[in-house]
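The block underneath contains the structure these notes are about, expressed in structure tokens.
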Amino acid sequence: ANIVSDVICPFCGTLCDDLEVELSDDGKKILEVYHACAIGAEKILHSQAEDRITRPRMMQEDGTTKEISYEEAAKYTAKILCYAKKPLMYGWSSTSCEAQSVGHSIAEAVGGIVDNTATVCHGSSLIAVQDVGIPSCTLGEAMNRADRVVFWGCNPAHAHPRHMSRYSVYPRGFFTGKGSKSRKVFVIDPRKTDTASLADVHLQIEQGRDYELLSALRVAFRGEKLPDVVAGIPKDQIYEAADLLKSGRFVIIYFGMGVTQSLGKNHNIDIAIAVTRDLNDYTKAAIMPMRGHYNVTGSGEVLGWQYGFPFCVDLSRGIARYNPGETSSNDLLMRDEVDAVFVLGSDPGAHFPFSSVKKISQLPSVAIDPHLTPTTAVCKLHVPVAFVGVEVGGCCYRMDNVPIESRKVVDPPEGMLTDQEFLELVLAEVRKCKGV
Ligand code: SF4
Numbered sequence: 110a111n112i113v114s115d116v117i118c119p120f121c122g123t124l125c126d127d128l129e130v131e132l133s134d135d136g137k138k139i140l141e142v143y144h145a146c147a148i149g150a151e152k153i154l155h156s157q158a159e160d161r162i163t164r165p166r167m168m169q170e171d172g173t174t175k176e177i178s179y180e181e182a183a184k185y186t187a188k189i190l191c192y193a194k195k196p197l198m199y200g201w202s203s204t205s206c207e208a209q210s211v212g213h214s215i216a217e218a219v220g221g222i223v224d225n226t227a228t229v230c231h232g233s234s235l236i237a238v239q240d241v242g243i244p245s246c247t248l249g250e251a252m253n254r255a256d257r258v259v260f261w262g263c264n265p266a267h268a269h270p271r272h273m274s275r276y277s278v279y280p281r282g283f284f285t286g287k288g289s290k291s292r293k294v295f296v297i298d299p300r301k302t303d304t305a306s307l308a309d310v311h312l313q314i315e316q317g318r319d320y321e322l323l324s325a326l327r328v329a330f331r332g333e334k335l336p337d338v339v340a341g342i343p344k345d346q347i348y349e350a351a352d353l354l355k356s357g358r359f360v361i362i363y364f365g366m367g368v369t370q371s372l373g374k375n376h377n378i379d380i381a382i383a384v385t386r387d388l389n390d391y392t393k394a395a396i397m398p399m400r401g402h403y404n405v406t407g408s409g410e411v412l413g414w415q416y417g418f419p420f421c422v423d424l425s426r427g428i429a430r431y432n433p434g435e436t437s438s439n440d441l442l443m444r445d446e447v448d449a450v451f452v453l454g455s456d457p458g459a460h461f462p463f464s465s466v467k468k469i470s471q472l473p474s475v476a477i478d479p480h481l482t483p484t485t486a487v488c489k490l491h492v493p494v495a496f497v498g499v500e501v502g503g504c505c506y507r508m509d510n511v512p513i514e515s516r517k518v519v520d521p522p523e524g525m526l527t528d529q530e531f532l533e534l535v536l537a538e539v540r541k542c543k544g545v
């Protein structure tokens with residue numbers, strides 16, 4: 110069989126690196142994907158979809174679309190970015206670091222705002238980390254050492270399907286040789302999720318009361334007095350959970366959007382980090398955000414190296430400014446502060462509030478994405494590109510900030526550009542237009 114091994118899955122932040130892909134004898138067609146979860150396998154197989162769009166399409170006045178060349182698409186994209194006073198360049202989480210870097214050169218030349226999907230998910234975690242730092246570790250360390258595993262406001266059974274089998278709950282690690290029997294799993298979630306059904310301890314917290322429960326844990330660690338019930342949890346359960354955490358050899362706290370986007374936002378993460386620090390008085394503890402898109406972490410890294418800030422970077426004044434709430438995509442769209450929208454490697458049409466999506470649909474706009482999405486349906490121009498991690502390689506960062514080089518498995522359809530190649534065309538046009 111014609112098998113490509115050690116393929117990286119370009120879907121979620123777990124960035125599984127053990128996939129095998131079976132190809133036809135001529136190496137052109139993907140026949141089967143092994144070891145991936147259903148979502149990851151589907152993403153890779155989707156690159157072979159019969160109805161895949163392979164050329165840019167421009168929306169016409171009457172709502173129909175017309176096929177145009179990549180050169181024409183690059184000219185249109187450069188024009189809307191150059192003529193805008195403040196273009197928003199959003200997304201970047203489902204592409205390689207190399208493409209992100211070319212995109213940032215365009216943003217610098219046109220004075221744009223570069224923002225990624227953290228703006229609607231783990232942006233509050235990044236703000237907390239800037240405030241108080243973060244005691245973290247790699248997924249490998251957690252797999253080998255952690256005997257107390259906490260999932261706070263996240264549901265990996267659905268959102269990161271192989272996280273539990275590869276890193277957090279089931280694998281046998283160096284100091285966790287009995288797999289799941291070596292670990293106690295805690296889930297803090299208002300819902301009885303599929304992850305909660307596997308937990309040893311499920312604290313069914315009242316919605317939006319994370320800050321209170323995290324504070325109560327800090328009190329319980331010190332053996333001090335708690336009210337009878339905190340955040341819907343009786344105090345005995347809180348003392349019991351605190352003791353069980355303290356008695357572990359290594360505690361890892363994974364947290365998701367249930368805590369980053371609920372009442373308290375970055376303050377929830379501040380105190381979750383304080384809980385982790387407190388636990389280090391009794392045992393070893395670390396904390397890690399469950400990042401969603403496969404390279405949202407990489408986008409934060411590349412923005413961080415280049416401008417010092419991981420999202421919401423405003424380059425419109427010729428220097429990098431950062432002020433989430435002011436320079437974040439939804440706030441800019443709500444206040445009518447941007448006059449062109451460029452989207453790459455994400456789907457605000459599916460994830461932003463309706464009012465923001467409506468604004469995008471009214472502005473000069475382009476969406477660069479291999480798929481047809483709600484965003485491509487509202488943007489004036491859709492530029493389909495090759496799938497990163499399937500048809501072109503590139504550097505991606507896993508949720509624990511470990512960079513992993515993704516692999517090319519098959520060629521893209523003939524004549525199709527990668528997003529990096531298309532961005533280079535746009536950059537050349539922008540330079541001509543700006544005379545730089
Ligand atoms: Fe891909 Fe995530 Fe599934 Fe791993 S868990 S195979 S990275 S979608």
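Using this note's numbering, read the sequence shown as starting at 110 and increasing by one per residue.
In this text, a Cβ means the ideal position worked out from N, Cα and C, and glycines have one as well.
Owing to the predicted nature of the structure, the values given are computational and were not obtained by experimental measurement.
* Asked: On the three-state DSSP scale, how would you describe M366?
  -> Secondary structure of M366 (DSSP, three-state): helix.
* In the structure shown, what three-state DSSP assignment does P508 receive? -> The sequence shown places Met at residue 508, not Pro. Coil, per DSSP.
* Asked: Can you round the beta-carbon distance between S203 and H376 to whole angstroms, since I take them to be within the 8 Å contact cut?
  -> Rounded to whole angstroms, the Cβ separation of S203 and H376 is 29 Å, and the two are not in contact under 8 Å.
* **C-alpha gap between G434 and G242, whole angstroms** => Rounded to whole angstroms, G434 and G242 show a C-alpha spacing of 21 Å.
* Asked: Near Q157, which residues of its chain fall below 6 Å by C-beta distance, leaving aside the five closest residues on each side in sequence?
  -> These residues qualify, in order along the chain: I139.
* With T173 as the anchor, note down where its beta strand (DSSP E) starts and where it stops. => Going by DSSP, T173 is part of no beta strand (DSSP E) at all; its letter is neither H nor E.
* Asked: Roughly how many angstroms lie between the CA atoms of Y348 and S277, to the nearest whole one?
  -> Here the C-alpha atom of Y348 lies approximately 24 Å from the C-alpha atom of S277.
* To do: Report the rounded CA-to-CA distance for C263 versus G365, giving the unit in angstroms.
  => Roughly 4 Å between the two C-alpha positions.
* Over the uninterrupted alpha helix (DSSP H) stretch that includes F531, give me the two end residues. => 528-543 is the span of the alpha helix (DSSP H), which, as asked, contains F531.
* Whose C-beta lies closer than 6 Å to the C-beta of L534 among residues of the same chain, with five residues either side of it excluded? -> The residues are A183.
* Have a look at the DSSP bridge pairing and note the partners of C121. => As a beta-bridge residue in DSSP terms, C121 pairs with H402.
* Cβ separation of D205 and V497, assumed to be a contact under 8 Å, to the nearest whole Å -> Reading off the sequence, residue 205 comes out as Ser, not Asp. Between S205 and V497 the beta-carbon gap is near 5 Å, inside 8 Å, which marks them as a contact.
* To do: Over the uninterrupted beta strand (DSSP E) stretch that includes K293, give me the two end residues.
  => For K293, the enclosing beta strand (DSSP E) starts and ends at 293-297.
* Rounded to a whole number of angstroms, what is the C-alpha to C-alpha distance between I428 and E315? -> Using only the alpha carbons, I get a separation of about 43 Å.
* Where does G288 sit, in a helix, a strand or coil, going by DSSP? -> Helix at G288.
* To do: Grab the span of the beta strand (DSSP E) containing A476 for me, first residue to last.
  => First-last of the beta strand (DSSP E) with A476: 474-477.
* On the three-state DSSP scale, how would you describe N389? -> N389 falls in the coil class under three-state DSSP.
* Contact check, T406 vs I396 under 8 Å by CB: the rounded distance? -> Not a contact, Cβ separation roughly 15 Å.
* **F420 beta carbon less than 7 Å from that of A208** => No, the pair does not count as a contact, with Cβ atoms beyond the cut-off.
* Beta-carbon proximity list for R400, same chain, < 7 Å, skipping 5 on both sides -> Excluding its 5 nearest sequence neighbours in each direction, R400 has C-beta neighbours in its own chain below 7 Å: G122, H231, T406, M508, listed in chain order.
* Pick from K287, R281, W261: whose alpha carbon is nearest that of I297? -> With respect to the C-alpha of I297, the residue from K287, R281, W261 having the closest C-alpha is W261.
* Asked: What separation, rounded to the nearest whole angstrom, lies between the Cα atoms of L335 and A329?
  -> Distance from the CA atom of L335 to the CA atom of A329, rounded to whole angstroms, is 7 Å.
* Asked: So what's H272 in DSSP terms, helix, strand or just coil?
  -> H272 sits in a helix when the DSSP states are folded into three classes.
* Asked: Is the beta carbon of C505 within less than 6 Å of some heavy atom of ligand 1?
  -> No - ligand 1 has no heavy atom lying nearer than 6 Å to the Cβ of C505.
* To do: With a 10 Å radius around its C-beta and 16 neighbouring C-beta atoms as the bar for buried, classify W414 as buried or exposed.
  => By the 16-neighbour rule on beta-carbons within 10 angstroms, W414 is exposed.
* Asked: What is the DSSP secondary structure of G200, counted as helix, strand or coil?
  -> Here G200 carries a strand assignment [DSSP, helix/strand/coil].
* To do: Just the C-alpha distance for C542 and E181, rounded to the nearest angstrom, thanks.
  => If you draw a straight line from the Cα of C542 to the Cα of E181, it is about 14 Å long.
* Asked: Pick from V219, M198, E170: whose alpha carbon is nearest that of Y192?
  -> Among V219, M198, E170, the Cα nearest to that of Y192 is on V219.
* Boundaries of the beta strand (DSSP E) in which R257 is found, first to last residue -> First-last of the beta strand (DSSP E) with R257: 257-261.
* Endpoints, alpha helix (DSSP H) assigned at D319 -> Segment 319-330, the alpha helix (DSSP H) holding D319.
* Measure the Cβ-Cβ separation of I222 and L190 and say whether it is below 7 Å. => Not in contact: I222 and L190 (Cβ atoms no closer than 7 Å).
* Asked: Would P265 pass as a contact of M273 if the rule is Cβ separation under 7 Å?
  -> Going by C-beta atoms, P265 is nearer than 7 Å to M273.
* With 16 other Cβ atoms within 10 Å as the buried cut-off, status of A546 -> Residue coverage of the chain in this structure runs from 110 to 545, which leaves residue 546 outside it and unanswerable.
* **Straight-line gap, F461 to N439 (C-alpha atoms, nearest Å)** => Between F461 and N439, the C-alpha separation is close to 7 Å.
* What's the gap between the Cα of H491 and the Cα of L472? -> So the alpha carbons of these two residues sit roughly 14 Å apart.
* To do: Output the boundary residues of the alpha helix (DSSP H) element that contains D345.
  => Element bounds for D345: 344-355.
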